[in-house]
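**Q**
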Amino acid sequence: MANEFSLDGKVALVTGAARGIGLEIACRLAQSGAQVVFTDVEPELGPEAAASVQGGSYRNLDVTAQSQWEDTIQEIRDQHGRLDILVNNAGISPAGNIEQSDLALWRRVQTINVESVFLGCRTALPLMRQSGEGGSIINLSSIQALRPAAELAAYSASKAAVRALTKSVALHAARDRIRCNSVHPGGVHTRMLDDFAALTGDAEAALLKLNAANPLGRVGLPLDIANGVLYLASDLSAWVTGLELVIDGGSTL
8 MANEFSLDGK
18 VALVTGAARG
28 IGLEIACRLA
38 QSGAQVVFTD
48 VEPELGPEAA
58 ASVQGGSYRN
68 LDVTAQSQWE
78 DTIQEIRDQH
88 GRLDILVNNA
98 GISPAGNIEQ
108 SDLALWRRVQ
118 TINVESVFLG
128 CRTALPLMRQ
138 SGEGGSIINL
148 SSIQALRPAA
158 ELAAYSASKA
168 AVRALTKSVA
178 LHAARDRIRC
188 NSVHPGGVHT
198 RMLDDFAALT
208 GDAEAALLKL
218 NAANPLGRVG
228 LPLDIANGVL
238 YLASDLSAWV
248 TGLELVIDGG
258 STL
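In structure tokens:
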């Protein structure tokens, strides 16, 4: 039986791929046969991550810089001649309610979390369209786009913007059979979650509380999110676009 999740012959670009969820996504796509361009702003980690899988390569990419997006897409055009999958994963999640968040923090979060997705989609679409075979854009949002958190004001707003932008891109790109979907992770055990737990003063107790509060009894793992992204990247989701794929162990129920 053929592997229905096979990405053989496809080229993917993943942002924020040096660690955490992005690293797991990039590796999962590569393990499924894709040629994956790992991108990040961590040159000490990114090349090692890309070298760990067959078909991986690394490029330094500041996702807020339009010129770097243009250079990256041109390099993919020159080296691979196509781009089938774009995963906009890079982002930050500083804590702060509306009164604790100053304008500089607000703008930084929107620039990194929202403008990067805008730039990625806008810059990648012409190359994705060129093959005539369609493609898949997957934007990492969050359950905070659906259930905002008081202590994550700027982050919640940014991820709601990603959710809406995804649907707009899905409508625009559908004529070229390019799909665009958003993934909404719940609490996932990464450095971001560890940092958030540390703010409570007792990180271990906070993580135990998060595990106990989840209907499935644990916080998520990066692989849980990567498996959802793999589905959206594969041809199994060929008739799926504009979807909000919530992967949260039932925490938003």
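Residue numbers (my numbering): 8 to 260. By construction, the Cβ of each residue, glycine as well, lies at the ideal position given by its N, Cα and C atoms. Quick caveat, the model's predicted, so the values are computed rather than measured.
Please report how far the alpha carbon of SER39 lies from the alpha carbon of SER165, in whole angstroms.
**A** Along the sequence shown, read from residue 1 onward, the residue named residue 39 stands at position 32. Along the sequence shown, read from residue 1 onward, the residue named residue 165 stands at position 158. Each residue's Cα considered, the two are about 31 Å apart.
**Q** With ARG198 as the anchor, note down where its alpha helix (DSSP H) starts and where it stops.
**A** If you number the sequence shown from 1, residue 198 lands on position 191. Looking at the DSSP string, the run of the alpha helix (DSSP H) that includes ARG198 is 198-205.
**Q** I think ALA243 touches GLU11, with their Cβ atoms under 8 Å apart; what is that distance to the nearest whole Å?
**A** Walking along the sequence shown from the start, residue 243 turns up at place 236. Walking along the sequence shown from the start, residue 11 turns up at place 4. Per the sequence shown, residue 243 should be read as Leu rather than Ala. With a Cβ gap of about 5 Å, LEU243 and GLU11 count as contacting.
**Q** Indicate the three-state DSSP secondary structure (helix, strand or coil) for THR46 in the structure shown.
**A** On the sequence shown, position 39 is the one that residue 46 refers to. Note: THR46 maps to strand in three-state DSSP.
**Q** Tell me which residues share the same chain as TRP246 and place their Cβ nearer than 8 Å to its Cβ, disregarding the 5 neighbours each side in the sequence.
**A** Within the sequence shown, residue 246 is the residue found at index 239, counting from 1. Taken in chain order, the list of residues that qualify is empty.
**Q** Considering only the alpha carbon of each residue, which of LEU30, SER108, ALA180 lies closest to LEU228?
**A** Reading the sequence shown from its first residue, position 221 is the one you call residue 228. Per the Cα distances, LEU30.
**Q** Determine the extent of the beta strand (DSSP E) in which ILE254 is found, giving its start and end residues.
**A** In the sequence shown, residue 254 corresponds to position 247, counting from 1. Its beta strand (DSSP E) spans residues 251-254.
**Q** Candidates VAL116, GLY257, ASP91, PRO192: which alpha carbon is nearest ASP231's?
**A** What you label residue 231 is simply residue 224 of the sequence shown in a count that begins at 1. Taking only the C-alpha atoms, the option nearest ASP231 is PRO192.
**Q** Near ALA156, which residues of its chain fall below 7 Å by C-beta distance, leaving aside the five closest residues on each side in sequence?
**A** Here residue 156 corresponds to residue number 149 of the sequence shown, with the count starting at 1. SER163.
**Q** Here's the rule I'm using: 16 or more other beta-carbon atoms within 10 Å means buried, otherwise exposed. How should THR207 be labelled?
**A** Taking the sequence shown and counting its residues from 1, one reaches residue 207 at position 200. Exposed, because fewer than 16 other Cβ atoms sit within 10 Å of the Cβ of THR207.
**Q** Alpha carbon to alpha carbon, how far is ILE99 from VAL48? Give it in angstroms, no decimals.
**A** The sequence position of residue 48 within the sequence shown is 41, counting from 1. The sequence position of residue 99 within the sequence shown is 92, counting from 1. Each residue's alpha carbon lies about 13 Å from the other.
**Q** Three or more C-beta pairs closer than 8 Å, one from the region 123-134 and one from the region 49-67: is that the case here?
**A** No, because fewer than three Cβ pairs between the region 123-134 and the region 49-67 fall closer than 8 Å, the two stretches do not touch.
**Q** Spatial neighbours of MET135 within its chain, please: C-beta separation below 6 Å, excluding the five flanking residues on both sides.
**A** Numbered from 1 along the sequence shown, position 128 holds the residue referred to as residue 135. Excluding sequence neighbours, MET135 sits near LEU90, GLY142, ILE185.
**Q** Output yes or no for whether 9 Å exceeds the beta carbon distance between GLY27 and VAL195.
**A** Numbered from 1 along the sequence shown, position 20 holds the residue referred to as residue 27. Numbered from 1 along the sequence shown, position 188 holds the residue referred to as residue 195. The answer is yes: Cβ separation under 9 Å.
**Q** Closest to ASN221 by CA distance: which of GLY257, ALA213, MET199 is it?
**A** In the sequence shown, the residue the question calls residue 221 occupies position 214. Residue GLY257 is the option with its Cα nearest to ASN221.
**Q** Taking the alpha carbon of GLN73 as the reference point, which residue from PHE45, GLY127, GLN117, ALA37 has its own alpha carbon closest?
**A** The residue labelled residue 73 in the question sits at position 66 within the sequence shown. Among PHE45, GLY127, GLN117, ALA37, the Cα nearest to that of GLN73 is on GLY127.
**Q** Taking 9 Å as the cut-off, decide whether the C-beta atoms of VAL169 and VAL236 are in contact.
**A** For the purposes of this step, residue 169 is identified with residue 162 of the sequence shown, where counting begins at 1. For the purposes of this step, residue 236 is identified with residue 229 of the sequence shown, where counting begins at 1. Taking 9 Å as the Cβ cut-off, VAL169 and VAL236 do not qualify as a contacting pair.
**Q** Can you check which of these residues, ASN104, GLU106, GLY63, ASN95, is closest to HIS87 by C-alpha distance?
**A** In the sequence shown, counting from the first residue as 1, residue 87 sits at position 80. Closest option to HIS87, Cα to Cα, is GLY63.
**Q** Locate the alpha helix (DSSP H) running through ASN218, then write down its first and last residues.
**A** As a first step, residue 218 is located in the sequence shown; it is residue number 211 there, counting from the start. Taken as a continuous stretch (DSSP letters only), the alpha helix (DSSP H) holding ASN218 covers 210-220.
**Q** Alpha carbon to alpha carbon, how far is ALA219 from LEU14?
**A** Numbered from 1 along the sequence shown, position 212 holds the residue referred to as residue 219. Numbered from 1 along the sequence shown, position 7 holds the residue referred to as residue 14. If I take the Cα positions, the gap works out to 36 Å.
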